[in-house]
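Participant: Here it is, the structure, as structure tokens.
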Amino acid sequence: MSSTAGPPTRQGQLVVLSGPAGAGKSTVARELLSSGDLVVSISATTRPPRGREEHGRDYYFLDEDEFLRLRDGGELLEWARVHGKHYYGTPARPVLEHLAAGRDVLLDIDVQGAEQLRQKGLPLVTIFLEPPSLEVLRERLLRRGDTSPEDIERRMRTAREEMRQAWRYDLRVVNDSLERTVQRVRDFLVGSA
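Residues in the sequence shown are numbered from 306 upward in steps of one, following the numbering used here.
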């Protein structure tokens, strides 16, 4: 008797990328996604779009009531209020569908979100990007040109708090060279697959 079922499908895993604002998460994520080995999780947020960001491509831009409805309805894998200001969260359905299909999913989330995922027992590997120094981080934030001095100070306070949690991650990488950082992360992911 022959079976029509193929080999068991590999369960995907979550690849969590965290680090302070200005550590280079978005740039590193773009490079990692270019290989086609990962799919991106699009986060929901209550913050307004920046520059050329588009709803559904970069983020799901929601008003606070809509975000809280998703949160309260259990439709987010994780969520956090970042810098005491805006909500961010990961819609559950697309991520769980990718995992079930055997695809690895990249999530650019903060340390609070990473901890929520750990608590849920989902298959994940965690990577923390660190700036070369706090001075370099401040310079990167200033170069963005879209943040007030008060906002930069708030982000620097948050960065110090987040960096105190870096020990909880599977891999810590100082992002002093994009090429080296991306290669180190790729090498790590090959070993954890």
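Backbone N, C-alpha and C fix where the C-beta goes; we use that ideal spot for every residue, glycine too.
Keep in mind that this is a model prediction, so the values were computed, not measured.
Could you check whether Ile414 and Ser323 sit closer than 8 Å to each other, using their CB atoms as the reference points?
Facilitator: Here residue 323 refers to the residue found at position 18 when the sequence shown is read from its first residue. Here residue 414 refers to the residue found at position 109 when the sequence shown is read from its first residue. A contact, by the Cβ cut-off of 8 Å.
Participant: Residues in the same chain with beta-carbon distance under 6 Å from Leu476, minus the five sequence neighbours each way, listed in chain order, please.
Facilitator: Numbered from its first residue, the sequence shown carries residue 476 at position 171. Around Leu476: Ile432 and Phe493.
Participant: Can you check the stretch 407 to 485 for any alpha helix (DSSP H) of at least 4 residues that lies completely inside it and give the ranges in chain order?
Facilitator: With a minimum length of 4 residues, the continuous alpha helix (DSSP H) runs that stay inside the stretch 407 to 485 are 416 to 425, 439 to 449 and 454 to 468.
Participant: Give, in chain order, every unbroken run of the alpha helix (DSSP H) that is at least 4 residues long and sits entirely within the stretch 318 to 366.
Facilitator: Listed in chain order, they are 330 to 338.
Participant: For Val479 and Asp342, what's the separation of their Cα atoms in angstroms?
Facilitator: On the sequence shown, position 174 is the one that residue 479 refers to. On the sequence shown, position 37 is the one that residue 342 refers to. Straight-line Cα distance between these residues: approximately 23 Å.
Participant: Given Ile347, which residues of its chain have a CB within under 8 Å of its CB, disregarding the five upstream and five downstream residues?
Facilitator: Within the sequence shown, residue 347 is the residue found at index 42, counting from 1. If we look at Ile347 and ignore the five residues flanking it on each side, its Cβ neighbours are Gly361, Arg362, Asp363, Tyr364, Tyr365, Pro396 and Pro399.
Participant: Express the C-alpha separation of Glu435 and Gln417 in angstroms, rounding to a whole number.
Facilitator: Along the sequence shown, one-based indexing puts residue 417 at 112. Along the sequence shown, one-based indexing puts residue 435 at 130. Gln417 and Glu435: Cα-Cα distance of roughly 16 Å.
Participant: Given that a residue counts as buried once 16 or more other Cβ atoms are within 10 Å of its Cβ, and exposed if not, what is Asp370?
Facilitator: Translated into positions along the sequence shown, residue 370 becomes position 65. Flag for Asp370 reads exposed.
Participant: Can you tell me where the beta strand (DSSP E) holding Arg374 begins and where it ends?
Facilitator: Along the sequence shown, read from residue 1 onward, the residue named residue 374 stands at position 69. First-last for Arg374: Glu369 to Asp377, but that is the alpha helix (DSSP H), not the beta strand (DSSP E).
Participant: Do the stretch 384 to 393 and the stretch 443 to 452 make contact, defined as three or more Cβ pairs closer than 8 Å?
Facilitator: No, the stretch 384 to 393 does not touch the stretch 443 to 452.
Participant: Which term fits Trp472, buried or exposed, when burial requires 16 or more other beta carbons within 10 angstroms of its beta carbon?
Facilitator: The residue labelled residue 472 in the question sits at position 167 within the sequence shown. With fewer than 16 other Cβ atoms within 10 Å, it is exposed.
Participant: Where does Glu380 fall in DSSP's three states?
Facilitator: The residue given as residue 380 occupies position 75 in the sequence shown. The answer is coil: DSSP assigns Glu380 none of H, G, I, E or B.
Participant: Just how far apart, CA to CA, sit Glu466 and Ser339?
Facilitator: As a first step, residue 466 is located in the sequence shown; it is residue number 161 there, counting from the start. As a first step, residue 339 is located in the sequence shown; it is residue number 34 there, counting from the start. Rounded to the nearest angstrom, the two C-alpha atoms are 31 Å apart.
Participant: Helix, strand or coil: how does DSSP classify Gly496 here?
Facilitator: Counting from 1 along the sequence shown, the entry for residue 496 is found at position 191. Reduced to three states, the DSSP call for Gly496 is helix.
Participant: From Arg449, Val333, His403 and Arg386, pick the residue whose C-alpha is nearest to that of Arg355; which is it?
Facilitator: Against the sequence shown, residue 355 aligns to sequence position 50. Of the listed residues, the one whose Cα sits closest to Arg355 is Arg449.
Participant: Exposed or buried, what is Val495 when buried is set at 16 or more other beta-carbons lying within 10 Å of its beta-carbon?
Facilitator: Against the sequence shown, residue 495 aligns to sequence position 190. It is exposed - the Cβ of Val495 has fewer than 16 other Cβ atoms within 10 Å.
Participant: What residues match up with Val394 in a beta bridge as DSSP calls it?
Facilitator: As a position in the sequence shown, residue 394 is number 89, starting the count at 1. The amino acid at residue 394 is misidentified as Val; the sequence shows Gly. Partner(s): Ala349 and Trp384.
Participant: DSSP state of Gln316, grouped into three classes?
Facilitator: On the sequence shown, position 11 is the one that residue 316 refers to. Gln316 falls in the coil class under three-state DSSP.
Participant: Suppose contacts are defined by Cβ-Cβ distances below 8 Å. Is Arg462 in contact with Ala326 by that definition?
Facilitator: Here residue 462 is taken as the residue at index 157 of the sequence shown, counted from 1. Here residue 326 is taken as the residue at index 21 of the sequence shown, counted from 1. Cβ atoms of Arg462 and Ala326: not closer than 8 Å.
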